[in-house]
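The next block holds one structure in the form of structure tokens; read it before the comments.
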Amino acid sequence: PAVQLAMVTHKIEDTFATVFRQVSMNRFEHGMHTARRAEGELTSERLSDIWMESQRAMFSGSVSLTDNYAVWWSYIPHFLHVPGYVYAYAFGELLVLALFARYQQEGANFVPRYLDVLRAGGSNWPEKILAPMGVDLTDLDFWKEGLGEIEKLVTQAEELAAQVG
């Protein structure tokens with residue numbers, strides 16, 4: 007159980023970084039560019055304020071953020087040099103988790119349609135590629151299926167931790 011717990015918690019940490027952290031970075035990036043358009047040139051202090059706002063929203067009081075953490079935005083150069091793509095990490099992770107949930111429900115019937123999605127690659131927009139699978143990317147319930155898989159991992163980790171002691 008200890009090894010399995012380590013593996014599950016590692017997956018949870020990776021998923022947190024890929025989904026929740028990237029969404030908070032997207033919110034920071036959006037806030038930064040919105041503020042720049044509205045206010046003009048931004049100081050590092052203003053950027054730090056926007057960063058901390060996005061981080062507080064993500065952590066929601068679960069951890070104490072130090073003053074030193076306010077400058078962590080500065081180690082990520084793509085906010086300025088290549089903006090607008092971090093959403094794709096969260097999109098991809100939640101998409102795969104939701105598709106995994108569908109696979110668990112449908113079993114072998116899921117596989118041929120999933121292989122068609124993989125074969126399609128980047129040949130079309132995601133909503134077009136996924137439509138034959140019955141996936142509607144505007145349906146919140148679909149995304150909740152992905153979040154449900156994260157919840158299952160947390161429950162599994164709690165159960166394993168109780169066994170390990």
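Here our numbering = 1-based position in the sequence shown + 6.
Beta carbons: idealized from backbone N, C-alpha and C, even for Gly.
Counting every other CB atom within 10 Å of its CB across the protein chains shown gives SER30 a total of 16 or more, marking it as buried. Taking the C-beta atoms as reference points, GLU99 is found no nearer than 8 Å to THR15. ALA104 places its beta carbon less than 8 Å from that of PHE148. Relative to GLU155, the option among GLN61, SER68, ALA107 and THR24 whose CA is nearest is ALA107. By the criterion of a C-beta distance shorter than 6 Å, GLN28 is surrounded in its chain by VAL92, TYR95 and ALA96, once the five residues flanking it on both sides are discounted. Boundaries of the alpha helix (DSSP H) harbouring ALA44: 28 to 45, taken from the DSSP string. MET58 sits close to ALA76, with the two beta carbons spaced by under 8 Å.
Between GLU45 and PRO83, the alpha-carbon positions lie close to 21 Å from each other. Residue environment for TRP79: buried (at least 16 other C-beta atoms within 10 angstroms of its C-beta). Around the beta carbon of GLU19, fewer than 16 other beta carbons lie within 10 angstroms, which makes this residue exposed.
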